[in-house]
Amino acid sequence: MNKLFKTLIQKRDGGSSSSTTIPTEGVTSNNNTSTSPDILLTLTHLRKVFYEYQHPKIQWTQQDKHDRLYLTLPMVIKVLSVLTNNEWEVRFPELSDYTFTLAKLLVYEIRMRADKEPNPCAASQAIIEYLEINDETNSLSGWSLLRALKLLSTGPNFIMDKFSQASLPSTFVKCLYLFFDLPEILITHLNNDIISPKEKRILLEQIFFQLLSRIAMSNSCVDELTRRDDLLLLFNAISSNCPERNKPWRIQASEMLILIGKHSLQPAIQCIHNARCISQCVDNLRRATCDLSLMDIARVYETLICLLIESAPLSSSLMDDFRLAHCYVHMKDIVLRLENEWINDESEKFFARFITLLGDFTYAGHNELKLPGRPETIIDIPNFIMPQPKKTGFIVRNISAFTILQSIFQQSTHPLLINIVFDTISSIILADNANYFLCGENLLTITESVYHKP
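Following the numbering used here, the numbering of the sequence shown begins with 1282 at its first residue and continues without gaps.
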């Protein structure tokens, strides 16, 4: 992203660079000795302007105060791009208050534009125009504010707490959902030195997605999403269709849920369960009006499975929600219908990834399964001892997922899919000796059907 970012910024500036050019985020000057006095002077001025903002000598209008904050953006981007994270608080003690103030400003600007418009499409367009980079350098823009907040998000952990206090996570998730309605990008014939509308959108998506990813990995930010019931928006987003041009926003909703599962799921589990997020998501997929492709539906299940695998050690509630929503049967039907659309190597890659994930899903469960009694088929084997589970993390705990693999194997007719499923089942059985006995009832039907497969 940094390489693309620098290329497009240089394109906007005519390919030239000067001593006054603002450094790209995350890039530290190689000449600290020569830049330090300049940075310290900029920092001093930044603190002075922010102090005057906090303690005005005259009565300012709200717009005057906002303009004052916008004027600080080039300074904070310049300073924090050079200082190390450890220096931020030392050099800029007002960092906490400043972060909260900037986050509140962005929330205000977004909500104001959304409230003024008559419908979601117009609101999404108004917000995107505010956030996208300008053709001319302009600190009084959402783009500069977004850049500053993105840079701040890489700092100390308390920064994300300030985002949460300002309701920035909730506002961003609502924007993500709104952006499903963005109209077609207008293609205009511009001078080669000007960033094209498509390039502007790419830049915005990248910086917006980076902020959303940081939000998803923060417990305090996810906690704010749960308090405002915005997690349901993410589940609705991944199961809703949108124009091809806006699919990156839906993909990012999936990425957010996966990141929440890996980094900050604890505060979210109860909310996901209480809001019936999983059943609502799957209901969206089953509706007659659902116009998602089979591949897109399968990708929704990929997201849900990733989330459930992470949730299983913490609680059984989401696994239960998935089962009670009859997701296993629906998921199997989608895979078998997709088999009929097998097109090329991309199909093989998808099935290999999905079936492998389904294999991992067999190990997910809050409670261990109880081994059956001594099987009748080996009752006469002298000194036989039922094997006990040994490999933590590779013991079957989800028989429903294994049953789906079995059903796909039995009903599939495509040789490549059959091989992928068979290899996955084999790896599960070989992962631990106990798995053979945990899955024993299912293995008989697999054995009976294997000789009839192509």
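A virtual CB, placed ideally from N, CA and C, is assigned to each residue, including glycine.
Query, Result
"Per-residue burial, Y1332 [other beta carbons within 10 Å of its own, 16 or more giving buried]", "exposed"
"Where the alpha helix (DSSP H) through Q1344 begins and ends", "Q1343 to V1363"
"Cβ-Cβ distance between T1382 and M1356 below 8 Å", "no"
"Test item: CB-CB of P1464 and C1558 under 8 Å", "no"
"T1728 classed as buried or exposed, judged by whether at least 16 other C-beta atoms fall within 10 angstroms", "exposed"
"Boundaries of the alpha helix (DSSP H) in which A1395 is found, first to last residue", "L1376 to K1397"
"Length-filtered (4 minimum) alpha helix (DSSP H) runs lying within the stretch 1598-1639", "1598-1605 and 1608-1620"
"C-alpha distance - A1534 paired with D1572, whole-angstrom precision", "18 Å"
"Environment of F1665 [buried if 16+ CB atoms lie within 10 Å]", "exposed"
"Helix, strand or coil at G1674 [DSSP, three-state]", "coil"
"Straight-line Cα distance separating A1384 from S1240", "With the chain covering 1282 to 1735 only, the question about residue 1240 has no answer from this structure."
"Bounding residues of the alpha helix (DSSP H) (the contiguous stretch that carries R1526)", "Segment: none, R1526 is in no alpha helix (DSSP H) and carries neither H nor E."
"Sequence-distant residues of the same chain with beta carbon closer than 7 Å to V1261, five excluded per side", "Residue 1261 lies beyond the stretch modelled for the chain, which goes from 1282 to 1735, so this question has no answer here."
"Contacts around A1447, its chain only, beta-carbon distance under 7 Å, and the 5 residues preceding and following it disregarded", "F1381, A1384, K1385 and V1388"
"Member of T1694, L1698, T1684 and S1708 whose CA lies at the smallest distance from the CA of T1726", "T1684"
"Where E1413 falls: helix, strand or coil (DSSP)", "coil"
"Contact under 8 Å by Cβ, I1636 with T1584", "no"
"Span separating the alpha-carbon of K1561 from that of K1630", "The residue you asked about is not Lys; residue 1561 is Gln in the sequence shown. Cα-Cα distance, rounded: 29 Å."
"Simplified DSSP assignment, three categories, for A1556", "coil"
"Contact under 8 Å by Cβ, R1670 with D1713", "Sequence check: residue 1670 is Pro here, not Arg. Yes, the pair counts as a contact, with Cβ atoms nearer than the cut-off."
"Coil, strand or helix - Y1812 by DSSP", "One cannot answer for residue 1812 here, as it falls past the ends of the chain, which runs 1282 to 1735."
"Exposure label - G1674; buried when at least 16 CB within 10 Å", "exposed"
"CA-to-CA distance, L1638 to I1586, given in whole angstroms", "8 Å"
"I1483 versus V1677 - alpha carbon distance", "43 Å"
"Close beta carbons around P1529, own chain, < 7 Å, minus the five adjacent residues each side", "E1486"
"Cβ pair A1645, I1699 closer than 8 Å", "no"
"Residues near T1507 in its chain [Cβ-Cβ closer than 7 Å; skip 5 each side]", "P1548, A1549 and C1552"
"Alpha-carbon to alpha-carbon, K1613 and Q1406", "39 Å"
"Straight-line gap, V1616 to I1706 (C-alpha atoms, nearest Å)", "16 Å"
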